[in-house]
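What follows is a short report on a single structure.
2 protein chains.
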Amino acid sequence: MTGPSTVATVTPRAFLPESKLPAAVAWDGNAVRYLDQRALPFEIRVASARTADEIVEAIATLAVRGAPCIGVFAAYGVALLRRSIPEDAAFRAAAARVREARPTAVNLAWAVDRVLSADDMLAEARSIHAEQERVDAAIAAYGAELIPEAARIITHCHTGAIATAGGGTALGVILAAQRAGKRPVVYVNETRPLLQGSRLSELELRSAGVETILQVDSAAAISMARNAVDLVIVGADRVARNGDTANKIGTYALAVLAAHHGIPLYVAAPRSSFDASIADGEQIPIEERDKREVTHFGGARVAADEARAFNPAFDVTPHHLITAFITEYGVLRPPYSESIGEILRVS
Amino acid sequence: MTGPSTVATVTPRAFLPESKLPAAVAWDGNAVRYLDQRALPFEIRVASARTADEIVEAIATLAVRGAPCIGVFAAYGVALLRRSIPEDAAFRAAAARVREARPTAVNLAWAVDRVLSADDMLAEARSIHAEQERVDAAIAAYGAELIPEAARIITHCHTGAIATAGGGTALGVILAAQRAGKRPVVYVNETRPLLQGSRLSELELRSAGVETILQVDSAAAISMARNAVDLVIVGADRVARNGDTANKIGTYALAVLAAHHGIPLYVAAPRSSFDASIADGEQIPIEERDKREVTHFGGARVAADEARAFNPAFDVTPHHLITAFITEYGVLRPPYSESIGEILRVS
Numbered sequence: 007m008t009g010p011s012t013v014a015t016v017t018p019r020a021f022l023p024e025s026k027l028p029a030a031v032a033w034d035g036n037a038v039r040y041l042d043q044r045a046l047p048f049e050i051r052v053a054s055a056r057t058a059d060e061i062v063e064a065i066a067t068l069a070v071r072g073a074p075c076i077g078v079f080a081a082y083g084v085a086l087l088r089r090s091i092p093e094d095a096a097f098r099a100a101a102a103r104v105r106e107a108r109p110t111a112v113n114l115a116w117a118v119d120r121v122l123s124a125d126d127m128l129a130e131a132r133s134i135h136a137e138q139e140r141v142d143a144a145i146a147a148y149g150a151e152l153i154p155e156a157a158r159i160i161t162h163c164h165t166g167a168i169a170t171a172g173g174g175t176a177l178g179v180i181l182a183a184q185r186a187g188k189r190p191v192v193y194v195n196e197t198r199p200l201l202q203g204s205r206l207s208e209l210e211l212r213s214a215g216v217e218t219i220l221q222v223d224s225a226a227a228i229s230m231a232r233n234a235v236d237l238v239i240v241g242a243d244r245v246a247r248n249g250d251t252a253n254k255i256g257t258y259a260l261a262v263l264a265a266h267h268g269i270p271l272y273v274a275a276p277r278s279s280f281d282a283s284i285a286d287g288e289q290i291p292i293e294e295r296d297k298r299e300v301t302h303f304g305g306a307r308v309a310a311d312e313a314r315a316f317n318p319a320f321d322v323t324p325h326h327l328i329t330a331f332i333t334e335y336g337v338l339r340p341p342y343s344e345s346i347g348e349i350l351r352v353s
Numbered sequence: 007m008t009g010p011s012t013v014a015t016v017t018p019r020a021f022l023p024e025s026k027l028p029a030a031v032a033w034d035g036n037a038v039r040y041l042d043q044r045a046l047p048f049e050i051r052v053a054s055a056r057t058a059d060e061i062v063e064a065i066a067t068l069a070v071r072g073a074p075c076i077g078v079f080a081a082y083g084v085a086l087l088r089r090s091i092p093e094d095a096a097f098r099a100a101a102a103r104v105r106e107a108r109p110t111a112v113n114l115a116w117a118v119d120r121v122l123s124a125d126d127m128l129a130e131a132r133s134i135h136a137e138q139e140r141v142d143a144a145i146a147a148y149g150a151e152l153i154p155e156a157a158r159i160i161t162h163c164h165t166g167a168i169a170t171a172g173g174g175t176a177l178g179v180i181l182a183a184q185r186a187g188k189r190p191v192v193y194v195n196e197t198r199p200l201l202q203g204s205r206l207s208e209l210e211l212r213s214a215g216v217e218t219i220l221q222v223d224s225a226a227a228i229s230m231a232r233n234a235v236d237l238v239i240v241g242a243d244r245v246a247r248n249g250d251t252a253n254k255i256g257t258y259a260l261a262v263l264a265a266h267h268g269i270p271l272y273v274a275a276p277r278s279s280f281d282a283s284i285a286d287g288e289q290i291p292i293e294e295r296d297k298r299e300v301t302h303f304g305g306a307r308v309a310a311d312e313a314r315a316f317n318p319a320f321d322v323t324p325h326h327l328i329t330a331f332i333t334e335y336g337v338l339r340p341p342y343s344e345s346i347g348e349i350l351r352v353s
């Protein structure tokens, strides 16, 4: 496979609101534009995908990443292919290739199937995108009310517009507070091992005019001890019925530190992250990833080849360390078995 | 300046006891041998310094590092120069250059001055080295008694023989437990930003046959939550009279996590790290270092050039989070104002 055929000059309408950063995904009539996430934070590179090859490549090479973002991108992609490939069997084959561009992305298969079953495929893709924006906007609006003026905030990993193609979850809340004139100051945890904080969150927040301060993950404690932190806000990978929350490795340490210092910790997550089939955190499996994520750093080897490593991708934060969940249905407070139970009954 | 004139084949007598790793510093009659720490953990490179240029270069380029290790190395170096430079003024000038090879290393000036004021300079250098070994050995012996059989231990940063030219402090305790047949298993925190855990502690422990598991610093929490950790042991940069302890950034987070999980945290530190002039942690200044330690690694840029960073080199762990101090005078328990007061009166 080759690179994308077009590297577009960035046009204003493709930009995130009040940010210097282009939108993660945008439909432009003849192509699906996307922000090439592989080049971040060093280069703001916008590319266009027109063919099945280009759409599949963008997903497979992680140029487009973040589960909701992949779903939106693939939805537009399939709608585009429907226009450019008149022959039905050939179109179905191309759509199937897009659907399988990454094997484990649930949003990808879900979005492709939804578009394929619609009469107006482009309208359906637009709906998927609009729904994502509505959910993120609702989370941001509810969350921003919890953010005091000039709040000093710690966040971990990346939960922004780049990953959702909407407005983001935890970062969306911070950005909404910024738009409301609250001037938040954000300590961004670098988020070892994959450094999503250094690479993505720092950039996305700063591009929107938010004051950011990058720190190694373990420095969160000294920031808290110096009374320099008013609240912590993170996203969620999966939330159990009792509120136990799986999220990027380091979230649990941050939650213990926040509790120790009497600092509230908020989890911003859409209804779709709450898993009715899981009673508590004990039942959430924790993926262990390649040790090279620990023994290497930004491509450079930092430990001996013989070194063994423990590399859990996620950890589980018990519900009693979580002050509240911020969802598109509002702010959920303890007891979570009741408040989470309520939103689980919605759908 | 050029590189060291000799890269020696490693000889058995220069090895650390029961380790595959050469000693940090060794006198060999005609030269001062040292382990080139810049090449670790990828290459075990032993070099010899014979001239003032070579001695100064080894210190200035951080080939020899760790305050006590620099002191021992410089002591032997000055004794060697006394033999090779008969003319007194030239010798004094060469010794002065060694003394100033790094401006802020207290042990360096102290060791050079002590050797210069002795009649038998080599004997004095040997004394300095032997004293370091005795202090470290006493810490290791007292500490090993606190380590249960098959203990699962977290350690942070590097506090080993490579840094002291003795047996190390916190790592010395673990190695003594290993020699006593207790088979400890050690989770080594990588220790961002400078990765002393990945580069040095993992290697030094594994070279001595200890089972090691490297982890990102924030994964310490999940290891504790899984009941996979029996104790935490760290070194100290400086200890106040009340027991508040400055140590590598990340130590305080680890102490909060240990307390949350009911896991004991030990600080292994020689009498020389206890500062009688400092009443409590509030009075310990915290150095902030270059932001590039956070935004870069190993030459690789990991954040945008425009990113701001908070990069404290140390943090302060309050005394109530410390289970005990392990010193060459024995194990100090709370109330620390009394137990620390006792060892401060010794010298």
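Keeping their order, the protein sequence lines are chains A and B.
One point on numbering: in the working numbering, the residue at position 220 of the first sequence is 226, and numbering is uninterrupted.
One point on numbering: in the working numbering, the residue at position 205 of the second sequence is 211, and numbering is uninterrupted.
Think of the CB as a built atom: it goes at the ideal place given N, C-alpha and C, for glycine as much as any other residue.
* Cβ neighbour criterion (16 or more within 10 Å) applied to A:E155 -> exposed
* Report the neighbours of A:A246 on chain B: residues whose CB is nearer than 8 Å to its CB, in chain order. => None at all; the shortest Cβ gap to chain B is about 15 Å.
* Taking Cβ positions only, does A:I153 come closer than 8 Å to chain B? -> no
* Mind checking if A:I290 is an interface residue toward chain B, Cβ cutoff 8 Å exclusive? -> no
* To do: Just grab the DSSP bridge partners of B:P158 for me.
  => First, the amino acid is wrong: residue 158 of chain B is Arg here, not Pro. B:V191.
* Asked: Quick one: does the C-beta of A:E299 sit closer than 7 Å to a heavy atom of the ligand GTP?
  -> This structure lacks the ligand GTP, and indeed carries no ligand of any kind.
* **Inter-residue Cα distance where the pair is B:A29 and A:A169** => 50 Å
* Listed from N- to C-terminal order along the chain, which residues in the segment 245-265 of chain A have their beta-carbon within a distance smaller than 7 Å of any beta-carbon of chain B? -> I255, G256, Y258, A259, V262 and L263
* Contact belief for A:D223 with A:N195 at Cβ below 8 Å, rounded distance in angstroms -> 5 Å
* Say whether chain B places a C-beta atom closer than 8 Å to the C-beta of A:V191. => no
* Exposure of B:N233, with buried meaning 16 or more beta-carbon neighbours within 10 Å -> exposed
* To do: On a CA-only basis, which of A:A129, A:G249 and A:V238 is nearest A:T257? Give me that one, please.
  => A:V238
* Have a look at the DSSP bridge pairing and note the partners of B:I3. => Past the edges of chain B, shown from 7 to 353, lies residue 3 of chain B, and the structure says nothing about it.
* Asked: Can you pull the DSSP bridge partners for B:I332?
  -> B:A274 and B:V337
* To do: Please state if the CB of B:A171 and the CB of B:A107 are separated by a distance shorter than 8 Å.
  => no
* **Pairwise C-alpha distance: A:F280 and A:A246** => 6 Å
* Asked: For a contact meaning CB atoms closer than 9 Å, what does B:L237 contact in chain A?
  -> Result: empty, since nearest Cβ-Cβ is about 17 Å, beyond 9 Å.
* To do: Could you tell me the boundaries of the beta strand (DSSP E) in which B:D321 lies?
  => F320 to T323
* Asked: For A:N253, which residues does DSSP report across the bridge?
  -> A:D321
* To do: Spatial neighbours of A:G9 within its chain, please: CB distance less than 6 Å, with the 5 preceding and 5 following residues excluded, ordered by chain position.
  => Its pLDDT being 38, under 50, A:G9 is placed unreliably by the model, and nothing is read from it.
* Asked: Between the segment 146-160 of chain A and the segment 182-194 of chain A, are three or more C-beta pairs nearer than 8 Å?
  -> yes
* Excluding the five sequence neighbours on either side, which residues of its own chain have a C-beta within less than 8 Å of the C-beta of A:W116, listed in chain order? -> G77
* Asked: What does A:D223 reach in chain B if we use C-beta pairs closer than 9 Å?
  -> R198, V222, D223, S224, G256 and A259
* Who pairs with A:G166 in a beta bridge, going by DSSP? -> A:G174
* Residue of A:P74, A:Y342, A:D125 and A:T175 minimising C-alpha distance to A:V112 -> A:P74
* To do: Grab me the residues of A:Y335's own chain with a C-beta within less than 7 Å of its C-beta, minus the 5 sequence neighbours each way, in chain order.
  => R277, I349 and V352
* How would you write the range of the alpha helix (DSSP H) that B:Q138 sits in, first residue to last? -> M127 to A150
* Asked: Based on the DSSP secondary-structure assignment, which residues constitute the bridge partners of A:E294?
  -> A:P318
* To do: Would you kindly check if the distance between the Cβ of B:L177 and the Cβ of B:E210 is under 8 Å?
  => yes
* For A:V62, I'd like the list of residues in its chain whose CB is within less than 7 Å of its CB, leaving aside the five on either flank, ordered along the chain. => R103, V104 and A107
* To do: Might you give, ordered along the chain, the residues of its own chain that have their beta carbon closer than 8 Å to the beta carbon of B:A159, omitting 5 neighbours on each side?
  => It should be noted that the sequence gives Ile, not Ala, for residue 159 of chain B. Cβ within range, chain order: I153, I180, P190, V191, V192, Y193, V235, D236, L237, V238 and I239.
* Asked: Roughly how far, in whole angstroms, is the beta-carbon of A:A124 from the beta-carbon of A:G83, given that I think they are within contact range, below 8 Å?
  -> The pair is not a contact, with the Cβ atoms about 14 Å apart (cut-off 8 Å).
* Asked: Between B:H326 and B:Y272, what straight-line distance do the alpha-carbon atoms span, to the nearest angstrom?
  -> 12 Å
* Asked: Using Cβ-Cβ distances below 8 Å, what residues of the segment 310-325 of chain B are close to chain A?
  -> A310, E312, A313, R314, A315, F316, N317, P318, D321 and V322
* Rounded to the nearest angstrom, how far is the Cβ of B:G408 from that of A:A306, given a contact under 8 Å? -> Only positions 7 to 353 of chain B appear in this structure, which leaves residue 408 of chain B out of reach.
* Is the distance from the Cβ of B:I292 to the Cβ of B:P318 below 8 Å? -> yes
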